[in-house]
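*Asks:*
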Amino acid sequence: MAFTGKQVTSRLDADGKLTVELIEREFKDPSGSRVLINVEASPINPSDLGVLFAVADTDNAEYSAGKIVAPMPEAAVRAMASRIGNALPVGNECAGTVVAAGEDPAAQALLGKRVTCVPGGAYATYATCEAAMCMVLDEGVTAEQGASSFVNPMTALGFVETMKAEGFKGIIHAAAASNLGQMLVRICKDDGVPLVNLVRSQVQADLLRGIGATHVIDTTAADFPAQLTAAIDETGAMLGFDPIGGGTTASKMLAAMEASASKGMAWSRYGSSTPKKVYIYGALDTGPTILHRNYGFTWDVAGWLMTPFLAKAGMEVVAQMRQRVMRELTTTFASHYKAQVSLEGMLTREAVSAYNARRTGEKYLVVPNG
Ligand SMILES: NC(=O)c1ccc[n+]([C@@H]2O[C@H](COP(=O)([O-])OP(=O)(O)OC[C@H]3O[C@@H](n4cnc5c(N)ncnc54)[C@H](OP(=O)(O)O)[C@@H]3O)[C@@H](O)[C@H]2O)c1
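See the structure below:
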């Protein structure tokens, strides 16, 4: 039996127009080890926005029922040449109920269960996924509570695993009031991992202190570099995670790490030999990363992405991480949403302008059947 429903797609055309629209489509009966999920809730995360709109000008877009046509800057069209003409499904993760399953016993066992998974294409009535990639939600856990149980939780846990694997003692985290940042605060508090949180307002600092953060620094303070150096003196945090990407955040982290590492050292034009590293893991600022290189030569800047991290970490570590997320889904890994929108509702000017701003505490949840 085939199912019919709706799906949000995003298509970039060679003329520089990005079309995001809601289409009617058929969802085939799954076979083998795959299952079909009736999507009940799916968050709009920054990584989804990167596919949905990228850097298209949504302020100057044409909005009609279930359709948005937005101009994309020329340089971005060139950079995304390989997606031209493809109507991409959007929405990484979701929670929903398995309504059809392939013949494999593992898939059949999920029939009728409420699960959380990462099917890609979750802004839709239905989504398909490998049974092995689904986690069954505990009785009483709602779709809203289960919707964000993969991307941000596994990334926040991945930061701590990365720190341990690379021999660092603590973490500096930028844009730390994010949904992910709040999870990281709770993980580090529970696990005794030193964490220095960088935020850009007093409200965000208060929010993080309210959930147990010890070191919170407002980057707009005049003495921000000195405060950061003092926090590194105290924590030994020489590993940074920066989701901003553009601008000087990584450079400022490295400068403060070096200021701390070189204290009491005789001057050397090569700087200290203490390892210092910043991972850029997001593009909240799409401008160039600026490195001032005033911190000697023992430093690294690299990219960090959850999927290759999980592949490298191995099945056992990943299974432990996923079990912890399920155990602590409504505490450590709780996500909050400013609003719920239907598939049609997520394509209105008002909704786009709100969720595309990626503001603290203003994440949207898509409820396809709402
Ligand atoms: N690499 C990976 O595998 C991976 C996996 C998961 C998430 N991520 C990334 O993690 C980041 C956080 O995701 P989330 O879902 O937790 O986000 P979120 O809850 O939507 O929060 C976004 C945060 O970023 C801040 N922000 C936005 N633009 C900024 C800028 N230009 N400079 C400084 N702060 C800025 C916002 O603060 P204001 O309120 O002050 O604007 C807000 O606190 C995103 O960049 C996402 O892409 C990456």
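Residue 0 is where the sequence shown starts when you use numbering that gives the first Met the number 0, and the numbers rise one by one after that.
The beta-carbon is built from N, C-alpha and C at its ideal position, and this holds for glycine as well.
#1: On the DSSP letters alone, give me the boundaries of the alpha helix (DSSP H) that GLY157 sits inside.
#2: Measuring only from the beta carbon, is LYS362 closer than 7 Å to any heavy atom that is part of ligand 1?
#3: If you run the structure through DSSP and keep just helix, strand and coil, what is LEU136?
#4: Go to ALA126, then tell me how far its beta strand (DSSP E) extends in each direction, as first and last residue.
#5: Looking at the strands, I want to know which residues DSSP matches up with LEU197.
#6: To the nearest whole angstrom, what separates the beta carbons of LEU156 and MET320, a pair I think is in contact under 8 Å?
#7: Considering only heavy atoms of ligand 1, does any lie closer than 7 Å to the CB of LEU17?
#8: Per DSSP, which one or two residues make a beta bridge with SER9?
#9: Put ALA338 into one of helix, strand or coil per three-state DSSP.
#10: With a threshold of 7 Å on Cβ separation, who are the neighbours of THR288 within its own chain once the five nearest residues in sequence on each side are excluded?
#11: Can you check DSSP and say which residues form a bridge with LEU35?
#12: Helix, strand or coil for ASP28? Go by DSSP, reduced to three states.
#13: Scan the segment 241-314 and note each continuous alpha helix (DSSP H) run of 4 residues or more that stays entirely inside, going in chain order.
#14: According to DSSP, is LEU328 part of a helix, a strand, or is it coil?
#15: Can you check which of these residues, GLY120, ALA126, GLY166 and CYS116, is closest to MET153 by C-alpha distance?
#16: Using DSSP with H/G/I as helix, E/B as strand and the rest coil, what is LYS188?
#17: Going by the C-beta, is ARG358 closer than 7 Å to any heavy atom of ligand 1?
#18: Report the three-state DSSP secondary structure of ILE171 (helix, strand or coil).
#19: Taking 8 Å as the cut-off, decide whether the C-beta atoms of VAL192 and GLY211 are in contact.
#20: Counting only the same chain and skipping the five closest in sequence on each side, list residues whose C-beta sits under 8 Å from that of LEU227.
#21: Among all the DSSP beta bridges, which residues are the ones paired with ILE67?
#22: Could you give the DSSP three-state label for THR3: helix, strand or coil?
#23: For the alpha helix (DSSP H) that contains ARG77, what are its first and last residues?
#24: Going by the CB atoms, is the gap between VAL19 and ILE67 shorter than 8 Å?
#25: Quick check on DSSP: helix, strand or coil for ARG208?
#26: Quick check on LEU304: buried or exposed, where buried means 16 or more other Cβ atoms within 10 Å of its Cβ?
#27: Less than 8 Å between the C-beta atoms of ALA126 and ILE22, yes or no?
#28: When the Cα atoms are used, what is the spatial distance from ILE112 to ALA220?
#29: How big is the Cα-Cα spacing for VAL372 and VAL135?
#30: Any contact of the segment 93-101 with the segment 139-146, i.e. 3+ C-beta pairs under 8 Å?
#31: Measuring straight from C-alpha to C-alpha, what distance separates TYR371 and GLY101?
#32: So what does DSSP say about LEU51, is it helix, strand or coil?
#33: Give the straight-line distance between the Cα atoms of GLY281 and ASP103, rounded to the nearest whole angstrom.
#34: Leaving out the 5 sequence neighbours to the left and right, which residues in its chain are closer than 6 Å to VAL324 when beta-carbon positions are compared?
#35: Taking the Cβ atom as the reference point for each residue, do ALA176 and GLN203 lie within a distance shorter than 8 Å?
#36: So, using beta-carbon positions, are ALA86 and GLU343 closer together than 8 Å?
*Replies:* Let's see:
#1: By 1-based counting over the sequence shown, the position of residue 157 is 158. From DSSP, the alpha helix (DSSP H) with GLY157 extends over 150-164.
#2: Sequence index remark: in the sequence shown, residue 362 carries index 363 (1-based). True, at least one ligand heavy atom lies under 7 Å from that Cβ.
#3: Taking the first residue of the sequence shown as 1, we reach residue 136 at position 137. When secondary structure is reduced to three states using DSSP, LEU136 falls in the coil class, being assigned neither helix nor strand.
#4: Taking the first residue of the sequence shown as position 1, residue 126 is located at position 127. Counting along the chain, the beta strand (DSSP E) containing ALA126 begins and ends at 125-129.
#5: Position 198 of the sequence shown, counting from 1, holds the residue named residue 197. Note: LEU197 sits in a beta bridge opposite ILE216.
#6: Position 157 of the sequence shown, counting from 1, holds the residue named residue 156. Position 321 of the sequence shown, counting from 1, holds the residue named residue 320. Confirmed, about 5 Å.
#7: Within the sequence shown, the letter at position 18 stands for residue 17. No, the Cβ of LEU17 stays beyond 7 Å of every heavy atom of ligand 1.
#8: Along the sequence shown, one-based indexing puts residue 9 at 10. BP columns for SER9 point to VAL19 and LEU87.
#9: Residue numbering aside, residue 338 sits at position 339 when the sequence shown is read from its first letter. In this structure, ALA338 counts as strand in the three-state DSSP scheme.
#10: As a position in the sequence shown, residue 288 is number 289, starting the count at 1. Closer than 7 Å at the Cβ level, and outside the excluded window around THR288, lie GLY244, GLY245, ALA249 and ILE279.
#11: By one-based count along the sequence shown, residue 35 stands at place 36. According to DSSP, which records beta bridges pairwise, LEU35 is partnered with ALA99 and THR127.
#12: In the sequence shown, counting from the first residue as 1, residue 28 sits at position 29. In the structure shown, ASP28 sits in coil (DSSP, three-state: anything other than H, G, I, E or B).
#13: The qualifying runs are 248-260 and 305-312.
#14: Here residue 328 corresponds to residue number 329 of the sequence shown, with the count starting at 1. Three-state result, LEU328: coil.
#15: Residue mapping note: residue 153 aligns to position 154 of the sequence shown, counting from 1. Of the residues GLY120, ALA126, GLY166 and CYS116, the one whose Cα lies closest to the Cα of MET153 is CYS116.
#16: Position 189 of the sequence shown, counted from the first residue, corresponds to residue 188. DSSP places LYS188 in helix when its eight states are reduced to three.
#17: Position 359 of the sequence shown, counted from the start, is the residue given in the question as residue 358. Yes - ligand 1 has a heavy atom lying nearer than 7 Å to the Cβ of ARG358.
#18: Translated into positions along the sequence shown, residue 171 becomes position 172. Of the three classes helix, strand and coil, the one that applies to ILE171 here is strand, per DSSP.
#19: Numbered from its first residue, the sequence shown carries residue 192 at position 193. Numbered from its first residue, the sequence shown carries residue 211 at position 212. Contact flag unset, no.
#20: Counting from one through the sequence shown, the residue named residue 227 turns up at place 228. Same-chain partners within the cutoff: ILE171, VAL195, LEU197, ILE216, LYS251, MET252 and ALA255.
#21: If you number the sequence shown from 1, residue 67 lands on position 68. Note: ILE67 sits in a beta bridge opposite VAL19 and TYR62.
#22: In the sequence shown, residue 3 corresponds to position 4, counting from 1. Looking at THR3 - three-state DSSP - the assignment turns out to be strand.
#23: For the purposes of this step, residue 77 is taken as the residue at position 78 of the sequence shown. First-last of the alpha helix (DSSP H) with ARG77: 73-78.
#24: Here residue 67 is taken as the residue at index 68 of the sequence shown, counted from 1. Here residue 19 is taken as the residue at index 20 of the sequence shown, counted from 1. Yes.
#25: The count along the sequence shown starts at 1 and reaches residue 208 at position 209. Three-state result, ARG208: helix.
#26: By one-based count along the sequence shown, residue 304 stands at place 305. Burial call: exposed.
#27: In the sequence shown, residue 126 corresponds to position 127, counting from 1. In the sequence shown, residue 22 corresponds to position 23, counting from 1. Result no, Cβ atoms of ALA126 and ILE22 do not sit closer than 8 Å.
#28: Residue 112 sits at position 113 when you count from the first residue of the sequence shown. Residue 220 sits at position 221 when you count from the first residue of the sequence shown. The sequence shown places Lys at residue 112, rather than the Ile named in the question. In a straight line, the C-alpha of LYS112 is about 50 Å away from that of ALA220.
#29: Beyond the ends of the chain as shown, which are 0 and 369, falls residue 372; an answer cannot be given.
#30: Touching, per the Cβ criterion.
#31: Past the edges of the chain, shown from 0 to 369, lies residue 371, and the structure says nothing about it.
#32: Numbered from its first residue, the sequence shown carries residue 51 at position 52. In the three-state DSSP reduction, LEU51 falls in the helix class (H, G or I).
#33: As a first step, residue 281 is located in the sequence shown; it is residue number 282 there, counting from the start. As a first step, residue 103 is located in the sequence shown; it is residue number 104 there, counting from the start. Near 38 Å, if we compare the C-alpha coordinates of ASP103 and GLY281.
#34: Within the sequence shown, numbered from 1, the residue matching residue 324 stands at position 325. Taking C-beta separations shorter than 6 Å and ignoring five residues to either side along the sequence, the partners of VAL324 in its chain run SER148, PRO152 and PHE332, following chain order.
#35: The residue you call residue 176 lines up with position 177 of the sequence shown. The residue you call residue 203 lines up with position 204 of the sequence shown. Judged by their CB atoms, ALA176 and GLN203 are nearer to each other than the 8 Å cut-off.
#36: By 1-based counting over the sequence shown, the position of residue 86 is 87. By 1-based counting over the sequence shown, the position of residue 343 is 344. No, Cβ-Cβ distance for ALA86 and GLU343 is not below 8 Å.
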